[in-house]
Amino acid sequence: MSKALRLAERGRATTSPNPMVGALVVDRDGVIVGRGAHARPGGPHAEILALGEAGARAEGATLYCTLEPCSHTGRTGPCAPAVAASGVTRVVTATEDPNPLVAGRGHAILRAAGLAVVCGVHAGAARRLNEAFFTAMQQQRPFVTMKVAVSLDGRIGASRPTRLRLTGAAADRQVHRDRAEADAIAIGSGTLLADDPLLTPRVAFRQRPLARVVFDHRLRTPASARLFSTLDAGPVIIVTAPLSTPDRQRMAGALTSAGAMIDEAPEGETLAAAVSRLATRGLQSLIVEGGTRLHRSFWDAGLVDRVQMYVAPREIGPGGLPWIETPVFASARIAERRATPLGDDALIEAYVHRTH
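Take 28 as the starting number for the sequence shown in the numbering used here and just add one per residue.
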């Protein structure tokens with residue numbers, strides 16, 4: 028199963044909104060005779076690839092798969108009936124598929140065909156691997172990472188309008204690698220107005236479109252924002268309050284002409300509902316990059332699954348801009364922590380409420 032999980036990693040950043048899945052066929056002598064990894068939506072599933080490589084050698088063998096074989100027809104046919112007919116006599120999976128269209132039905136098909144089924148081998152690692160998929164299926168919202176860069180004295184930058192780069196090259200490369208794997212990046216309108224960012228992955232290679240989400244209640248985003256020069260990288264979604272006046276409709280029209288997709292929230296909608304609506308667009312992972320007000324809103328709403336804090340070895344002083352006052356890493360909601368050196372900087376990561 029460990030080898031199957033490593034195989035599944037080959038689909039990182041390419042399979043969303045499908046999960047990363049790896050599969051191995053092992054014959055009676057313990058020899059691996061088939062390997063497979065899901066690579067992209069619409070492509071063959073890992074089990075089918077592994078069984079295809081094994082061919083006749085699958086007879087009497089064991090299939091190891093990091094996720095329960097599917098039982099429904101999507102872009103491809105169901106895997107469970109194919110596994111049942113392949114000649115394998117035993118199937119070992121890491122975890123059930125949280126998709127309500129599957130959710131144990133694949134295992135049931137295999138057992139009904141007389142195959143021995145074992146589930147739960149390296150379950151934690153398999154669920155962590157697909158934490159975004161599990162969050163989307165179980166909580167109907169994206170897996171949310173709150174990312175911030177701070178100085179040693181807890182400042183996110185110098186006073187406006189001064190711009191200050193805190194982190195070094197190694198930390199910047201990590202930020203862009205994370206962007207390359209995520210489905211979407213989110214910022215608030217204040218950050219957009221202050222920094223006019225591109226929000227594109229510029230170091231790591233990315234095959235899929237990257238959605239950029241701007242939470243802009245007052246429609247302050249200008250049609251001249253640099254984001255609209257990067258539409259070839261992915262859509263720009265403006266989440267805003269109801270377009271209840273002619274002025275707001277005119278502003279929304281200008282942004283639409285610039286290339287934005289306007290997500291008009293119903294009157295009184297909560298942030299949680301707006302974030303859940305992103306999942307209906309197939310966005311399963313969201314990095315919230317700022318600013319402070321948006322970070323505080325996500326944290327207070329209980330929508331943060333992971334915190335990433337990049338700490339630079341410098342102090343800005345009391346005139347700098349503080350991050351949110353809440354002592355996030357001292358919170359009882361933090362489940363685990365780890366620190367990773369990145370050049371002169373350090374990345375401190377913590378999981379909050381878990382998806383498994």
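Cβ coordinates follow ideal geometry from the N, Cα and C atoms, glycine included.
Looking only at Ala81, Ser324 and Leu156, the smallest Cα-Cα distance to Arg55 is reached by Ala81. Counting the other CB atoms within 10 Å of its CB gives Gln234 a total below 16, which places it among the exposed residues.
Bridge pairing for Val53: Ile59 and Thr89 [DSSP].
The beta carbon of Leu298 is closer than 6 Å to those of Ser324 and Ala328 in its chain, skipping five residues each way along the sequence. For Cys97, no beta strand (DSSP E) segment is defined, and its DSSP state is neither H nor E.
Under the DSSP assignment, Glu363 falls outside any alpha helix (DSSP H), being part of the beta strand (DSSP E) whose first and last residues are Glu363 to Leu369.
Counting every other CB atom within 10 Å of its CB across the protein chains shown gives Val241 a total of 16 or more, marking it as buried.
Spatial neighbours of Gly195 in its own chain (CB-CB distance under 7 Å, excluding positions within 5 residues in sequence) are listed in chain order as Gly370, Asp371 and Asp372. Shown here for Ala40: same chain residues with a beta carbon closer than 6 Å to its own, the five before and five after excluded, namely Ala207 and Glu208 in chain order. A check of alpha carbon separations from Ala66 across Thr42, Glu86 and Gly280 identifies Thr42 as the nearest.
Residue state for Ala31 is assigned as helix, using DSSP reduced to three classes. In this structure Leu225 is not in contact with Thr248, their Cβ atoms being roughly 14 Å apart against a cut-off of 8 Å.
Here the alpha carbon of Ala238 sits roughly 10 Å from the alpha carbon of Arg308. In the three-state DSSP reduction, Ala252 falls in the coil class, being neither helix nor strand.
Straight-line measurement puts the Cα of Thr227 at about 18 Å from the Cα of Ala250. Here Glu123 has Glu95 and Gly131 as same chain residues with Cβ atoms under 6 Å from its own Cβ, once five neighbours each way along the sequence are excluded. Around the beta-carbon of His72, 16 or more other beta-carbon atoms lie within 10 Å, marking it buried. Residue state for Met336 is assigned as strand, using DSSP reduced to three classes. In the structure shown, the three-state DSSP call for Ala211 is strand. Taking the Cβ atoms as the reference, His244 lies roughly 14 Å from Ala213, outside the contact range of under 8 Å.
Ser312 and Leu193 have their C-alpha atoms roughly 25 Å apart. Met173 has Val315 and Val334 as its beta-bridge partners, per DSSP. In the DSSP assignment, Leu374 falls within the unbroken beta strand (DSSP E) covering Asp372 to Tyr378. DSSP places Arg304 outside any beta strand (DSSP E); the residue lies instead in the alpha helix (DSSP H), whose first and last residues are Leu298 to Ala306.
Per DSSP, the continuous beta strand (DSSP E) segment holding Phe242 begins and ends at Ala238 to Phe242.
Contact check for Gly344 against Gly184 fails: the beta carbons are separated by 8 Å or more.
Per DSSP, the beta bridge partners of Glu291 are Thr267.
Look at Thr120 here: in three-state DSSP terms it is strand.
Annotated three-state conformation of Arg182 is strand, per DSSP.
Counting of Cβ neighbours within 10 angstroms places Lys30 among the exposed residues, the total staying below 16.
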